[in-house]
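Residue numbering for the sequence shown follows the UniProt record's numbering, starting at 1 and increasing by one per position.
Glycine included, each C-beta is placed from N, C-alpha and C at the ideal position.
On a predicted model such as this, the values are computed, not experimentally measured, just so you know.
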Amino acid sequence: MAQGTPQRKRVVIIGATGLQGGSVARILAQSPDRYIIRGLTRNTSSPKAQELYKLGIQVQQADLDDSKSLQEAFHDAHVIFAMTDFWQHMSAEREEAQGKSIMDIAAELPHLEQLIWADLPDANKISEGFYPHVYHWQSKAAVSKYIREEKPELWKKTTAVLFPNYFENCLTQPATYLPIKQADGTYLRSFVLPETADLPNVAISDTGKLVQYILDHPDQCLEKTIAFYSETISEGEKVRSMAKAYNIDIRYHEMSSDEFQGILKKHMGDVTALDFTEQLLIFRDFGMIYGRPEFVQANQLPGLKLTTWKEFMEANDLHYYMTSA
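See the structure below:
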């Protein structure tokens, strides 16, 4: 290495073949002069893993339930993007254990400079115990509390990121997130919230942009929780924008909690359906909680350009994804 050349940082990305980690990997791979990227995945021979290889990313097998594999993957890390996936196994206890294991190992790393943790709010605290079944929020919030209270030196290197609703859900789960075509040719958007209830939204493909910002601005981001969303938008606003863009008639139906859970139970268990429903009802009953003053607002960070709903619609023909009843 030539004298004066800055050392490239080793960035270890958990879930590198997924939506969050994959975005981080692809964005940071555009700066090979700055980063050596190690992407972790359970299956290094998958098509998505092969795509990472082609970008010059090191792909390494690791399992969040196997602390030895994490120790091997983390040993020389300067930066870790850490996330856990509740929906993979739907066990809050397992997810919390995975998260704490990550933090135990990270806290002992001699070269670690920054850790970015994919977080969610404390539903029990925010709802004052009214919505106690949002397990996939609570497990992540418990890990954040663990870092702050049990690993204070690690917290000094940490940025927690609250993830919101993804625009991309419209593409991957259209029956849940888009209007459905009816027999008479009109469309119906059925959802559990009032059409005026605001939700935080983001393009998950922008995750890498935020992580790049965090790495470039540690003074603004360390020991902070960032609410990651580009804009707040209601389902009613989305319906109106789609009706106008595609010249179609869309009606909105506010479902009851029981009605919504009944639909969810067709493809998930009772407990998970309740979890999913309560997380949404928090926004109905307690407002746009991501906008609270204790959180840094990602859409207010200078120089960070996040995709808007309008831009997402322009890039994706959502009418094509709308299913029929």
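Selected residue, minimal CA-CA separation from residue i, among the options
{"i": "His-89", "options": "Leu-301, Asp-317, Met-288 and Met-268", "result": "Met-268"}
{"i": "Ala-123", "options": "Trp-117, Val-134, Gln-114 and Ile-116", "result": "Val-134"}
{"i": "residue 331", "options": "Leu-304, Arg-8, Ala-315 and Gly-208", "result": "With the chain covering 1 to 325 only, the question about residue 331 has no answer from this structure."}
{"i": "Gln-98", "options": "Pro-121, Leu-222 and Ile-14", "result": "Ile-14"}
{"i": "Glu-113", "options": "Lys-151, Leu-210, Leu-222 and Phe-228", "result": "Leu-222"}
{"i": "Gly-56", "options": "Ser-101, Ile-27 and Asp-206", "result": "Ile-27"}
{"i": "Asp-219", "options": "Asp-275, Thr-158, Tyr-252 and Ser-127", "result": "Thr-158"}
{"i": "Pro-47", "options": "Tyr-246, Asp-285, Gln-71 and Thr-17", "result": "Thr-17"}
{"i": "Tyr-146", "options": "Ala-106, Ala-183 and Gly-185", "result": "Ala-106"}
{"i": "Pro-293", "options": "Ser-31, Ala-227 and Ile-102", "result": "Ala-227"}
{"i": "Asp-104", "options": "Pro-132, Glu-150, Phe-286 and Tyr-187", "result": "Glu-150"}
{"i": "Lys-310", "options": "Asp-275, Ser-241 and Asp-270", "result": "Ser-241"}
{"i": "Leu-281", "options": "Ala-243, Gly-291 and Tyr-131", "result": "Tyr-131"}
{"i": "Ile-116", "options": "Asp-33, Tyr-321, Arg-284 and Met-83", "result": "Met-83"}
{"i": "Phe-283", "options": "Pro-121, Asp-85, Ala-92 and Tyr-320", "result": "Pro-121"}
Delimiting residues of the alpha helix (DSSP H) encompassing residue i
{"i": "Leu-274", "result": "270 to 286"}
{"i": "Phe-228", "result": "Premise fails: Phe-228 is in no alpha helix (DSSP H) and is neither H nor E."}
{"i": "His-253", "result": "Here His-253 belongs to no alpha helix (DSSP H); instead the beta strand (DSSP E) covers 250 to 254."}
{"i": "Ile-214", "result": "207 to 216"}
{"i": "Ser-257", "result": "257 to 264"}
{"i": "Ser-241", "result": "235 to 246"}
{"i": "Asn-124", "result": "123 to 126"}
{"i": "Pro-152", "result": "152 to 155"}
{"i": "Val-24", "result": "19 to 28"}
{"i": "Pro-47", "result": "47 to 54"}
{"i": "Thr-176", "result": "174 to 177"}
{"i": "Gln-114", "result": "Gln-114 -> not in any alpha helix (DSSP H); beta strand (DSSP E) instead, spanning 114 to 119."}
Residues near residue i in its chain [Cβ-Cβ closer than 8 Å; skip 5 each side]
{"i": "Asp-119", "result": "Lys-140, Ala-141, Val-143, Ser-144, Ala-160, Val-161, Leu-162, Phe-163 and Thr-225"}
{"i": "Tyr-166", "result": "Leu-19, Asn-201, Val-202, Ala-203 and Ile-204"}
{"i": "Asn-169", "result": "Thr-176 and Tyr-177"}
{"i": "Thr-323", "result": "Pro-174, Ala-175, Leu-178, Ile-180 and Lys-181"}
{"i": "His-78", "result": "Lys-9, Arg-10, Val-11, His-111, Leu-112, Glu-113 and Gln-114"}
{"i": "Ala-2", "result": "Annotation note: pLDDT 46 at Ala-2 (below 50); position unreliable, coordinate value reported separately. Excluding sequence neighbours, Ala-2 sits near nothing in its chain."}
Own chain, CB closer than 6 Å to residue i, minus 5 neighbours either side, in chain order
{"i": "Arg-38", "result": "Val-12, Gln-58 and Gln-60"}
{"i": "Ala-273", "result": "Gln-261, Leu-264 and Lys-265"}
{"i": "Asp-249", "result": "Thr-186"}
{"i": "Ile-36", "result": "Arg-8 and Arg-10"}
{"i": "Gly-4", "result": "Reliability of the predicted coordinates at Gly-4 is poor, the pLDDT of 48 falling under 50, and no value is obtained from them."}
{"i": "Gln-212", "result": "Ile-27"}
Neighbour-count burial assignment, residue i, 16 or more Cβ in a 10 Å radius
{"i": "Thr-41", "result": "buried"}
{"i": "Thr-172", "result": "exposed"}
{"i": "Gly-208", "result": "buried"}
{"i": "residue 390", "result": "This structure does not reach residue 390, given that the chain is present from 1 up to 325, and the question cannot be answered."}
{"i": "Ser-23", "result": "buried"}
{"i": "Thr-307", "result": "buried"}
{"i": "Ser-45", "result": "exposed"}
{"i": "Gln-300", "result": "exposed"}
{"i": "residue 328", "result": "Residue 328 is absent from the model: the chain starts at 1 and stops at 325."}
{"i": "Gln-279", "result": "buried"}
{"i": "Glu-314", "result": "exposed"}
{"i": "Ala-62", "result": "buried"}
Run of the beta strand (DSSP E) containing residue i, from where it starts to where it stops
{"i": "Gly-39", "result": "35 to 41"}
{"i": "Val-59", "result": "58 to 61"}
{"i": "Ala-82", "result": "79 to 82"}
Residues near residue i by beta carbon distance below 7 Å, same chain, minus five either side
{"i": "Pro-152", "result": "none"}
{"i": "residue 357", "result": "Nothing about residue 357 can be reported from this structure: the residues present for the chain run from 1 to 325 only."}
{"i": "Phe-74", "result": "Val-12, Ile-80, Ile-105, Ala-106 and Leu-109"}
{"i": "Gly-236", "result": "Glu-195, Thr-196 and Tyr-252"}
{"i": "Ala-245", "result": "Met-313"}
Test: residue i CB closer than 9 Å to a CB of chain C
{"i": "Asn-247", "result": "Absent from the structure: chain C. Only one protein chain is present."}
Notebook entry, point to check: For the region 250 to 260 against the region 180 to 194, are there 3 or more C-beta pairs whose distance is under 8 Å?
Noted result: yes
Check: So does the region 229 to 244 actually touch the region 297 to 315, counting three or more Cβ pairs closer than 8 Å?
Finding: yes
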